[in-house]
Amino acid sequence: MSRGLFIVGTDTDVGKTLVAGGLARFLRRQNYNVGVMKPFESGLARRKEGETDTHFLMSMAEVKDACEEVNPYRFQESLAPGVAAARAGIEVSFKEIGKKFEILAKRHPWMIVEGAGGLIVPLTSHETHLELIKMLGLPVLVVGRLSLGTINHTMLTIHCLKSVGIPVAGIVLNQTSPEVTVAEEANPQVIQSMTSLSLWGVLPYLKDSRDPDVVVGVIQERLGDAIYRFIQSA
Numbered sequence: 001m002s003r004g005l006f007i008v009g010t011d012t013d014v015g016k017t018l019v020a021g022g023l024a025r026f027l028r029r030q031n032y033n034v035g036v037m038k039p040f041e042s043g044l045a046r047r048k049e050g051e052t053d054t055h056f057l058m059s060m061a062e063v064k065d066a067c068e069e070v071n072p073y074r075f076q077e078s079l080a081p082g083v084a085a086a087r088a089g090i091e092v093s094f095k096e097i098g099k100k101f102e103i104l105a106k107r108h109p110w111m112i113v114e115g116a117g118g119l120i121v122p123l124t125s126h127e128t129h130l131e132l133i134k135m136l137g138l139p140v141l142v143v144g145r146l147s148l149g150t151i152n153h154t155m156l157t158i159h160c161l162k163s164v165g166i167p168v169a170g171i172v173l174n175q176t177s178p179e180v181t182v183a184e185e186a187n188p189q190v191i192q193s194m195t196s197l198s199l200w201g202v203l204p205y206l207k208d209s210r211d212p213d214v215v216v217g218v219i220q221e222r223l224g225d226a227i228y229r230f231i232q233s234a
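Numbering of the sequence shown is given in our numbering, commencing with residue 1 and proceeding in unit increments.
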């Protein structure tokens, strides 16, 4: 098994990129040689040049790898990768993703890979993150919203991963809006009571989630102890 993590979300827009980028910068500050990969990125039509999730990850990891290695498949439409690929006439190959991953992993002993959307979104006509994660051989860090509904989404994601033998390193909950509700106050404790997995921490709402110093500061404060434990066990 490679050293690193595959970041899986319980849904889209739950904070996967924030967590992946923050982890990469945190590891860099601890003098680890860390690489990043985002095999799929959709919705480029609504992003400015240089402001994609892929560019953010590369900036946070401070890597000089080719963008095509870090992000083999990119799509203009904001759709599940398998759907976007079919509409664009692109054939997705997990074999090619695996080759790119091996190239990056040879340069970087630690790898942070970010998924696209939720766990079971189609990446090809017949494959999901389950097949991709098993191929890459990384343990998973599950990122979920803090808000109402996250208990079901988080536990279903964990159950699905465990059912096919994929190791889960832990859970991170992310506050995606400034308001704190009763559900958001209760959800971390409820989720922790329902699983033996480690809840790494709860991230607060960040108005500027692309400021490197702000992001890594929050990651260190809220997830630092859990990250150190994971590094020691890897």
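Glycine is no exception: its CB is placed at the ideal position from the N, C-alpha and C atoms. Everything numeric in this text was worked out from a predicted model, so none of it was measured.
task = Just tell me which of 179, 158 and 141 has its CA closest to the CA of residue 148.
result = Position 148 of the sequence shown, counting from 1, holds the residue named residue 148. With distances taken between Cα atoms, residue 148 lies closest to 179.
message = Considering only DSSP beta bridges, list what residue 143 is partnered with.
response = Counting from one through the sequence shown, the residue named residue 143 turns up at place 143. Beta-bridge pairing links residue 143 to 9 and 172.
task = Can you give me the Cβ contacts of residue 21 inside the same chain, cut-off strictly under 7 Å, excluding the 5 residues immediately before and after it?
result = Here residue 21 refers to the residue found at position 21 when the sequence shown is read from its first residue. Result list for residue 21: 56, 57, 60 and 215, in chain order.
Which of helix, strand or coil DSSP assigns to residue 15 = On the sequence shown, position 15 is the one that residue 15 refers to. In this structure, residue 15 counts as coil in the three-state DSSP scheme.
query = Helix or strand or just coil, what does DSSP make of residue 120?
reply = What you label residue 120 is simply residue 120 of the sequence shown in a count that begins at 1. In the structure shown, residue 120 sits in coil (DSSP, three-state: anything other than H, G, I, E or B).
query = Which residue's Cα is closest to the Cα of residue 205: 116, 184 and 134?
reply = For the purposes of this step, residue 205 is taken as residue 205 along the sequence shown, with counting starting at 1. Looking at the Cα atoms, 184 is the closest of the given residues.
task = Can you say whether residue 181 is buried or exposed, counting buried as having 16 or more other CB atoms within 10 angstroms of its CB?
result = Position 181 of the sequence shown, counting from 1, holds the residue named residue 181. Exposed, by the Cβ-count rule.
query = Starting from residue 63 and walking both ways along the beta strand (DSSP E), at which residues does that stretch end?
reply = In the sequence shown, residue 63 corresponds to position 63, counting from 1. First-last for residue 63: undefined, no H or E at that position.
ask   = residue 41: buried (16+ other C-beta within 10 angstroms of its C-beta) or exposed?
value = Walking along the sequence shown from the start, residue 41 turns up at place 41. Under the 10 Å beta carbon count, residue 41 is surrounded by 16 or more other beta carbons and is classified as buried.
Residue nearest to residue 87 in terms of C-alpha spacing, selected from 101, 145, 125 and 4 = Against the sequence shown, residue 87 aligns to sequence position 87. Residue 125 is the option with its Cα nearest to residue 87.
message = Contact defined as beta carbons within less than 8 Å: I believe residue 154 pairs with residue 8. What is the distance between those atoms, to the nearest angstrom?
response = Working through the sequence shown from its first residue, we reach residue 154 at position 154. Working through the sequence shown from its first residue, we reach residue 8 at position 8. 11 Å between Cβ atoms; not a contact.
message = When you compare the segment 128 to 136 with the segment 26 to 35, are there three or more beta-carbon pairs, one atom per stretch, that lie closer than 8 Å?
response = Between the segment 128 to 136 and the segment 26 to 35 there are fewer than three C-beta pairs closer than 8 Å, too few to call the two in contact.
request  = Helix, strand or coil for residue 40, going by three-state DSSP, please let me know.
outcome  = For the purposes of this step, residue 40 is identified with residue 40 of the sequence shown, where counting begins at 1. Residue 40: strand per DSSP, three-state reduction.
request  = Could you please give the first and the last residue of the uninterrupted alpha helix (DSSP H) stretch that includes residue 156?
outcome  = Mapped onto the sequence shown, residue 156 falls at position 156. Looking at the DSSP string, the run of the alpha helix (DSSP H) that includes residue 156 is 150 to 163.
Classification of residue 187 by the beta-carbon crowding that lies within 10 angstroms, buried from 16 upward = Residue mapping note: residue 187 aligns to position 187 of the sequence shown, counting from 1. Looking at its Cβ environment, which holds 16 or more other Cβ atoms inside 10 Å, residue 187 is buried.
request  = Measure the CB-CB distance between residue 139 and residue 105 and report whether it falls below 7 Å.
outcome  = Within the sequence shown, numbered from 1, the residue matching residue 139 stands at position 139. Within the sequence shown, numbered from 1, the residue matching residue 105 stands at position 105. No. Outside cutoff.
query = Between residue 23 and the rest of its own chain, which residues show a CB-CB distance below 6 Å, the 5 nearest in sequence each way excluded?
reply = By one-based count along the sequence shown, residue 23 stands at place 23. The answer, listed in chain order, is 112.
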